[in-house]
Structure formats: structure tokens, C-alpha cells
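Heads up, the thing below is written out as C-alpha cells.
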Amino acid sequence: MKIALIKASHDSDFKQYKKYQASPPQNIFSAAAALSGIAEIAMYDETSYHKAPVDLDCEMAVIFMSTPDALRGYQLADLYRRQGKTVILGGLHATFMTEEALEHADAVMKGESEALWQGMLDDYKRGKLSSVYQADSPFDLANIGHYPTEFIRPEIYQGIWSVTVSRGCRFKCRYCTVPRFFREQTYRPIGDIVDEIKRSGQRSFELKADNLTSDRDYCLELFEALAPLNIYWTAETNLRFADDEELLEAAAESGLWYLLVGLETPSKAGLKEAAKGFNNVHRSAEYIRKLHEYNIVVDSCMIFGFDEHDRGIFDETWSFIHDVKLDVCHPTIMIPFPGTPLYQDLEQQGRILTKDWSKYDGNNAVYQPAKMSVEALEAGCYDFTSRYFSMGEMIKRKASHTKRFGASMALSLP
Ligand code: SF4
1 MKIALIKASH DSDFKQYKKY QASPPQNIFS AAAALSGIAE IAMYDETSYH
51 KAPVDLDCEM AVIFMSTPDA LRGYQLADLY RRQGKTVILG GLHATFMTEE
101 ALEHADAVMK GESEALWQGM LDDYKRGKLS SVYQADSPFD LANIGHYPTE
151 FIRPEIYQGI WSVTVSRGCR FKCRYCTVPR FFREQTYRPI GDIVDEIKRS
201 GQRSFELKAD NLTSDRDYCL ELFEALAPLN IYWTAETNLR FADDEELLEA
251 AAESGLWYLL VGLETPSKAG LKEAAKGFNN VHRSAEYIRK LHEYNIVVDS
301 CMIFGFDEHD RGIFDETWSF IHDVKLDVCH PTIMIPFPGT PLYQDLEQQG
351 RILTKDWSKY DGNNAVYQPA KMSVEALEAG CYDFTSRYFS MGEMIKRKAS
401 HTKRFGASMA LSLP
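Numbering-wise (UniProt numbering), the sequence shown opens with residue 1 and increments by one.
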């Protein structure tokens, strides 16, 4: 039996952001690892590689999608069903908008897919496919397989390969899907991570984790195991990690060079509203200075449109990113993803303005802001982005990146 695994991607700035952060996407690669030896596989990553073909040479199409990509996922699903193929939808959007997804699919896989394949394929072969598949408990990361390298070439991902370390997050930021998709934080055995890295033959990795450093002892052990491998790695974690000198030094010595942190906003009230008061925003400059001492590039989204934000937030954020010396900034309007408390609240308050999911891309205000108009929020974010990527700012940024990290690194940063 041949199964096509597709990561759907709508053409948008959200896609460009994901492409910049490119590394093999967890959904299709972990599915391919789980299906190894069970089914013949084809893989399509529409974010970083190429579009899924119109004529799919397979019996079943499994399409993963997040909310901004949902309409593209449904377009593909409808196309393949018209061709008589069985279509399964998975990923964030199908997990949280299951009824809607079922209008376009034979079945929906909710949450982590690994534990679901065997039962789902058995039902399929017996002609008794259920409409919804969902595991009762988190998947044991001791049982995940290695990401395959034969279907999509690693070079596609700008030389950055990916290895799963942990899933989930102990925090519960109100706008974030992670703690709602992964109900617990789970960790992979360190020996398995080392083994996968060695076998991959790659030297540059994203350590896949939603909040890498939340378990200090695990991370110290992990970094000690990675240090002899002579690799470079990137990850996502909270900036507060820089407050732990021993952990930071161990991370740097094991190859950390680029860190994605969730600064989000300089507004303490905004962070509190988002249940992210733990960010210690007043210490951001100090934390980033420490990371720079280890030559680590710091990247963060800056989000506009919290209820506490008025029109002053754009200038406040502009000053903030320069004061703290943030290396890479991704300005975005807040996206109320279905499945989050933020979405539920806005929906209950009648403030969701559209369910055209293609507009949930960070450029559009899809909800009524509290302290400014939709137009002011969109224009403010647009102006901020234009100014950030203006020629003058890019030249200034290149100069400071060169001073901080050297010319060749500066060339690779936006
Ligand atoms: S935004 Fe980050 S810290 Fe907050 S819940 Fe999501 S993964 Fe955790």
C-alpha cells in the first residue's frame, strides 16, 4: 500500500516565516518514521520543497495542516477525494476543528499520529475506517523512529536537519496551541537522540522541542552527550535560560549557535494577559547580552494586538528590539489559533471577524482589537515590518551582526 504524506502550505507570509525557520517538519517526518516497514511512502513538504502533485500516485493521502494552511489542505483533500483516494487529515487545525475537517476527509487523526497508524490502517484494510482517531495518552518518545533522509533531500532545509528531543510545554500561554496539542511534556531518551544524529551524517540540526530547556537536569545531560559530536544546533526555548550560566555554557559548548525565544512584546500587561508574565521582560537586554557572549544569535517574533496594546505599542516595540539588541525580529499580528483559550474568549465575545483561515497569517487582524481599530493594527504592523526591512535598517543591522558574529554569519541573517 502506498501512502502520500503531505504538509499543506498556503502561499502567505506565514509560509515565508516557516520557510525561514526551515527544518524537516515534524508532522510528515515523524509519520514517515512510524510508517517505515508498514507502507510505501511518498512525501511532500509544500513549505520548503514543492507543491503536492495534482495526480497523486497512491491509495491514501494524509494531509497535515496548521490553521493558515487549512484552505490549501482542504483544496488538496477535495481534489484527491474526487479522484477516489482515501483522505486523512491531521495536524493542529484538524485536531481542533475536527467537524469542519471531516467535511473534506474520510477520517481525522487528532494529536500525535504515531500511535494511531496501525489501528487506522487495520480498519482501512477491513473497510471499517472510523471518522476520528485519537490516542488516550502521550506517545512514548522512546518509540519514535529516525527521520528518513531518502524522500526529501536534507539540502532542501538549508543544511539544517532535525532531531526530536521533546514535545509539549509546561507553560500555558493563552495564544499557544502547544500545551493543548501535547497534553504533557515528554522527553526522548538521550541515547536515541545521539544515535539518530550520528546515523544521519548531518552536522547542523534543529533540536526539535517546544521549550527545550524546561528540564534542567535532562538538558545538562543532553548537552554533555552532544558535545563530542562536533555539531551545530538551533532550538526554541525561553530567554530566561540565559540566567543559568552552567546550562548556557554547556549548551554553547555542545554547538548551540541560534536560539528562537518568545519575547513577544515589551508590554508587561500584555504578557500578563497572555499568561506569559514569566518572561522577565525587564531583564531581556541582560539575557541577550549573555547569549551574545557565547556568539549565539537571538531570534524572536514580536506580536502586536494584545488587548493591552494601543497605538503606542509600535514605537515601544521598535525601541525595545533595539535597546535589547535583538538580532532577528519577526513582526506579526497576533493569531488567535483555534483550540486556544484566546480563540475561545474572542469567539465568546463576538470579536472573531472572519473564519477565512488563509487570513490567519500574522498580516491580518482577524479579530476586533480592544484598544485600536483593525485598520490601525494592520497598518501599524505593516509600517513596522517595512521599516525593519528597509534598506537603511538592513545596512545598520548587517554592521552590528558583522561586529557581533563575523561577516559570514552576518550574510546569512536577515
Ligand atoms: S508560547 Fe512557548 S512557553 Fe508559552 S506555552 Fe507555547 S511553547 Fe510554552
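Backbone N, C-alpha and C define an ideal beta-carbon position, used for all residues, glycine too.
query: Selected residue, minimal CA-CA separation from ALA105, among TYR388, VAL297, GLY91 and ASP78; result: ASP78
query: Backbone secondary structure at residue 436 - three-state DSSP; result: As displayed, the chain neither begins before 1 nor continues past 414, which places residue 436 out of reach and without an answer.
query: Closer than 8 Å: PRO25 CB and nearest the ligand SF4 heavy atom; result: no
query: Anticipated Cβ contact below 8 Å, LEU141 with THR164, distance rounded; result: 7 Å
query: ARG216, buried or exposed, once every other Cβ within 10 Å from all chains shown has been counted against 16; result: exposed
query: Chain-ordered list of residues that sit, by beta carbon, closer than 7 Å to a heavy atom of the ligand SF4; result: CYS169, PHE171, LYS172, CYS173, CYS176, VAL178, PRO179, ASP210, ASN211, ASN238, GLY262 and LYS276
query: 6 Å Cβ shell around ARG81 - same chain, five flanking residues per side excluded; result: VAL87
query: Local conformation of residue 417 per DSSP, three classes; result: Within the shown structure, residues of the chain are numbered from 1 to 414, placing residue 417 beyond reach of any answer.
query: MET43: first and last residue of the uninterrupted beta strand (DSSP E) it sits in; result: 40-45
query: PHE151 versus ALA251 - alpha carbon distance; result: 31 Å
query: Meets three-Cβ-pair contact criterion under 8 Å: the segment 25-39 and the segment 170-179; result: no
query: Alpha-carbon to alpha-carbon, LYS355 and MET97; result: 11 Å
query: Local conformation of CYS329 per DSSP, three classes; result: strand
query: Closest residue to VAL328 among ALA115, PHE389 and ARG351 (Cα-Cα distance); result: PHE389
query: Three CB pairs or more closer than 8 Å across the segment 325-344 and the segment 384-404; result: yes
query: Whole runs of the beta strand (DSSP E) within the segment 185-268, excluding any shorter than 3 residues; result: 204-208, 232-237 and 256-261
query: Three-way DSSP call (helix, strand, coil) for CYS173 in this model; result: coil
query: Under 9 Å between C-beta atoms of TYR187 and TYR218; result: yes
query: Straight-line gap, ASP55 to LEU256 (C-alpha atoms, nearest Å); result: 42 Å
query: Separation of ILE335 from GLY350, as counted between CA atoms; result: 16 Å
query: 6 Å CB neighbourhood of PRO369 in its chain, flanking five on each side removed; result: GLY305 and LEU377
query: Limits of the alpha helix (DSSP H) - the one that MET302 falls within; result: Element bounds for MET302: not the alpha helix (DSSP H) but the beta strand (DSSP E), 297-304.
query: GLU114 beta carbon less than 9 Å from that of SER30; result: yes
query: ALA269 burial status per 10 Å Cβ neighbour count (16 or more: buried); result: exposed
query: Runs of alpha helix (DSSP H) lying entirely within the segment 61-94, each at least 4 residues, in chain order; result: 70-82
query: Nonlocal neighbours in the same chain, by C-beta distance under 7 Å from THR208, ignoring five residues either side; result: Position check: residue 208 holds Lys in this sequence, whereas Thr was assumed. Around LYS208: GLN26, SER162, VAL163, THR164 and VAL165.
query: Check: GLY392 C-beta below 8 Å from any heavy atom of the ligand COA; result: Although the ligand COA was asked about, the structure shown includes only the ligand SF4 as ligands.
query: Residue from MET372, SER254, ALA34 and VAL324 with nearest C-alpha to PHE139; result: ALA34
query: Neighbour-count burial assignment, PHE278, 16 or more Cβ in a 10 Å radius; result: exposed
query: Identity of the residues DSSP links to ILE321 by a beta bridge; result: Its beta-bridge partners do not exist; DSSP assigns none.
query: Cutoff 9 Å: VAL261 Cβ touching any chain C Cβ; result: Any reference to chain C falls outside this structure, which holds one protein chain only.
query: Burial state of ARG72 (16 or more Cβ within 10 Å); result: buried
query: Per-residue burial, ASP383 [other beta carbons within 10 Å of its own, 16 or more giving buried]; result: exposed
query: Neighbourhood of VAL298 by C-beta distance below 7 Å, restricted to the same chain and skipping five residues each side; result: LEU259, VAL261, ILE288, LEU291, LEU326 and ASP327
query: Where SER137 falls: helix, strand or coil (DSSP); result: coil
query: Member of ILE190, GLU100, PRO148 and GLU112 whose CA lies at the smallest distance from the CA of SER137; result: GLU112
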